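Below is one structure, written out as structure tokens; the observations come after it.
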Amino acid sequence: MTIDLGLDPDELATCVSCGLCLPHCPTFRVTGDEMRSPRGRIALMRAVETGAIEAGDEFVDAMDTCVQCRGCEPACPSSVPFGRLMTDTRVALAEQTSYQPWWRRIGYRTLGNHRLLLAGSSLLAVAQRLRLVPSRRLGLPARLPIRRPALRSSGCDVVLFTGCVMDAWMRDTHLAVQRVIESTGAGVTFLGAEGACCGALHDHAGLADQAHALAERVIAATPPDIPVLLDSAGCGAAMKDYGRLLGTRDAAAFSSRVLDVHEWLAADIDRLPEPTRVFDEPVAVQDACHLRHVQGAHDSVRTVLGRYVPIVELADDGLCCGAGGAYSVMQPELAAAIRERKVGFIDRSGARTVASANPGCAMHLQAAGLCVRHPLEIVDAAMRGLPLD
Ligand code: SF4
Ligand code: SF4
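Heads up: the sequence shown begins at 192 in the working numbering, then just goes up one per residue.
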């Protein structure tokens with residue numbers, strides 16, 4: 192099948208095939224397959240773009256198996272914008288082929304209907320209690336919430352963005368993050384159902400129209416001027432990119448207000464109260480790819496968390512854990528193989544608890560039996576004198 196990827200030839204030409212990115216690519220590390228490396232994928236994009244090959248199954252598989260972790264970008268001496276090339280390739284596939292069938296498009300669309308998502312999630316939780324859902328195989332949290340505690344605004348100094356699936360499954364995390372923000376004296380407000388989904392998963396899937404509509408909706412639902420804080424690395428990376436996604440000045444201005452919550456806290460760390468308790472037991476920090484490789488905000492997690500708990504660094508140079516948004520559902524075998532490497536590094540670190548600032552990574556690692564907490568849940572526990580796990 193011949194398709195027009197619409198990629199910038201100058202951006203494609205920046206890859207000099209040096210291979211320095213290969214050790215930083217999780218799919219190459221677990222398969223050793225050039226076609227599952229950044230260099231191989233770029234070569235395939237070039238070949239399709241020049242008409243040397245068709246966009247057949249081998250091409251689609253090479254693109255589809257990319258986790259979109261963007262670990263290849265900081266490793267690249269030529270600054271190849273791999274994330275953008277991959278996103279644009281998937282948009283072309285979604286628009287010109289059957290890459291995203293109707294049933295998946297409906298599934299993605301459901302994420303944008305927050306009331307429906309919450310109701311569906313509660314039903315799923317009931318089915319889970321009745322043992323009608325293979326939770327382990329689907330990588331679901333062991334006990335989905337049937338009901339959720341209410342989120343109550345405490346002022347209008349900052350927005351805390353709560354997201355779609357994270358709000359349905361991890362509202363307790365948002366409440367812990369809210370308490371930590373409030374401990375600085377700031378009031379927290381929320382966006383409600385109209386601003387619930389950032390569109391990151393839609394963007395990664397190549398569903399540009401849905402991603403655009405959700406981004407516009409989030410911007411419209413957000414109060415002007417105040418910082419927009421995120422406790423999900425994937426959502427934060429997407430919202431910092433709204434300027435590029437929508438190509439408008441308003442969107443760029445909005446993106447400039449978006450901060451990972453650790454960045455906001457670390458920028459003025461003395462606003463946080465002095466620790467009344469510091470845990471003795473060390474915690475391993477798992478850097479979410481979209482916090483480390485995309486936002487470059489991973490050190491802020493250490494600045495904040497390090498006040499309350501000794502931190503252990505993993506010796507894997509920030510290699511992806513294999514969660515990748517919907518990747519662990521779409522590519523379960525590769526996702527599990529990538530995770531196995533991460534679990535090995537965590538085991539060797541000696542830490543019993545892992546801190547991860549991304550809900551997808553947390554769920555993916557929890558499904559492997561690890562104790563994973565959001566960094567600010569650990570901070571909140573320390574502030575309230577509660578145990579670590
Ligand atoms: S993407 Fe960058 S690091 Fe990888 S082969 Fe191309 S130039 Fe080298
Ligand atoms: S984004 Fe991640 S999985 Fe995809 S090619 Fe780059 S390093 Fe590999």
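Beta carbons: idealized from backbone N, C-alpha and C, even for Gly.
Computed from a prediction, not measured in an experiment: that's the story for all the values here.
8 Å contact criterion, which Cys-512 and Arg-530 should meet: CB distance rounded: Correct: roughly 6 Å between the Cβ atoms.
Member of Thr-380, Pro-414, Ala-359 whose CA lies at the smallest distance from the CA of Cys-388: Ranking Thr-380, Pro-414, Ala-359 by Cα distance to Cys-388 puts Ala-359 first.
C-alpha gap between Leu-456 and Met-226, whole angstroms: Straight-line Cα distance between these residues: approximately 41 Å.
Alpha carbon of Arg-281 to alpha carbon of Met-254, nearest angstrom: Cα atoms of Arg-281 and Met-254: separation of roughly 8 Å, rounded to the nearest angstrom.
The segment 392-407 in contact with the segment 374-383 per 3-pair CB rule at 8 Å: Here the segment 392-407 makes no contact with the segment 374-383; the two share fewer than three CB pairs at distances below 8 Å.
Nearest-angstrom Cβ-Cβ length linking His-565 and Ala-548, presumed shorter than 8 Å: The beta-carbon distance between His-565 and Ala-548, rounded to whole angstroms, is 6 Å. This is short enough to meet the 8 Å contact definition.
Sub-8 Å separation of Ala-442 and Ile-410 beta-carbons: For the 8 Å CB-CB criterion, Ala-442 and Ile-410 form a contact.
Identity of the residues DSSP links to Thr-544 by a beta bridge: Beta-bridge pairing links Thr-544 to Val-474, Cys-562.
C-beta atoms of Leu-213 and Glu-240 nearer than 8 Å: A distance of 8 Å or more separates the beta carbons of Leu-213 and Glu-240.
Closer than 7 Å: Cys-511 CB and nearest ligand 2 heavy atom: Yes, Cβ of Cys-511 sits closer than 7 Å to a heavy atom of ligand 2.
Three-state secondary structure (DSSP) of Glu-504: Three-state result, Glu-504: strand.
Simplified DSSP state of Thr-205, which is helix, strand or coil: Here Thr-205 sits in coil by DSSP.
Cβ neighbour criterion (16 or more within 10 Å) applied to Ser-269: Here Ser-269 is exposed, its C-beta having fewer than 16 other C-beta atoms within 10 Å.
Any non-hydrogen atom of ligand 2 within 7 Å of Pro-229 CB: For Pro-229, the Cβ falls inside the 7 Å cut-off from some heavy atom of ligand 2.
Which residues DSSP lists as bridging Asp-451, in chain order: Asp-451 is bridged to Leu-421.
Any non-hydrogen atom of ligand 1 closer than 7 Å to Ser-208 Cβ: At least one heavy atom of ligand 1 lies closer than 7 Å to the C-beta of Ser-208.
Asp-314 (DSSP reduced to helix, strand or coil): The sequence given here places Leu at residue 314; Asp does not occur at that position. Residue state, collapsed to three classes: helix.
Inter-residue Cα distance where the pair is Thr-413 and Leu-420: Cα to Cα, Thr-413 sits roughly 11 Å from Leu-420.
N-terminal and C-terminal residue of the beta strand (DSSP E) that Phe-352 is part of: For Phe-352, the enclosing beta strand (DSSP E) covers residues 349-352.
Coarse secondary structure for Val-271, derived from DSSP in three states: DSSP places Val-271 in coil when its eight states are reduced to three.
Val-485 Cβ short of 7 Å to ligand 1 heavy atom set: Checking every heavy atom of ligand 1 against the Cβ of Val-485, none is found closer than 7 Å.
Range of the contiguous alpha helix (DSSP H) that encloses Glu-498: According to the sequence shown, residue 498 is Arg rather than Glu. Unbroken run through Arg-498: none, as it is neither H nor E.
Heavy atom of ligand 1 within 7 Å of Phe-219 beta-carbon: No; taking the cut-off as 7 Å, the Cβ of Phe-219 has no heavy atom of ligand 1 nearer than that.
The segment 504-520 / the segment 256-270 touching (three or more Cβ pairs under 8 Å): With a cut-off of 8 Å, the segment 256-270 and the segment 504-520 count as touching, because enough Cβ pairs lie within range.
Start-to-end residues for the alpha helix (DSSP H) that takes in Gln-557: Judged by DSSP secondary structure, Gln-557 falls within the alpha helix (DSSP H) whose first and last residues are 550-557.
Start and end residues, alpha helix (DSSP H) containing Gln-401: Counting along the chain, the alpha helix (DSSP H) containing Gln-401 begins and ends at 399-412.
Cβ-Cβ separation, Ile-569 to Ala-553 (assumed contact under 8 Å), whole Å: Ala-553 to Ile-569, Cβ: 12 Å. No contact.
Residues of its chain near Ala-428, where Cβ-Cβ distance is below 6 Å and the 5 sequence neighbours each way are ignored: Scanning its chain for C-beta atoms nearer than 6 Å, with the 5 sequence neighbours on each side dropped, one finds around Ala-428 the residues His-481, Val-485, Gln-486, in chain order.
Beta-ladder partner(s) of Thr-280, from DSSP: Bridge partners of Thr-280: none, in fact.
Near ligand 1: Leu-211 beta-carbon under 7 Å from a heavy atom: Correct: Leu-211 has its Cβ closer than 7 Å to ligand 1.
Boundaries (first-last residue) of the alpha helix (DSSP H) holding Ser-289: Premise fails: Ser-289 is in no alpha helix (DSSP H) and is neither H nor E.
Distance, Gln-401 Cα to Thr-375 Cα: Cα to Cα, Thr-375 sits roughly 36 Å from Gln-401.
For Glu-373, the nearest candidate out of Thr-467, Gly-346, Arg-327, Thr-218 (CA to CA): For the residues Thr-467, Gly-346, Arg-327, Thr-218, the minimum Cα distance to Glu-373 belongs to Gly-346.
For Thr-380: DSSP bridge partner residues: DSSP, once it has assigned bridges, lists Val-350 as partnering Thr-380.
Bounding residues of the alpha helix (DSSP H) (the contiguous stretch that carries Thr-222): From DSSP, the alpha helix (DSSP H) with Thr-222 extends over 217-222.
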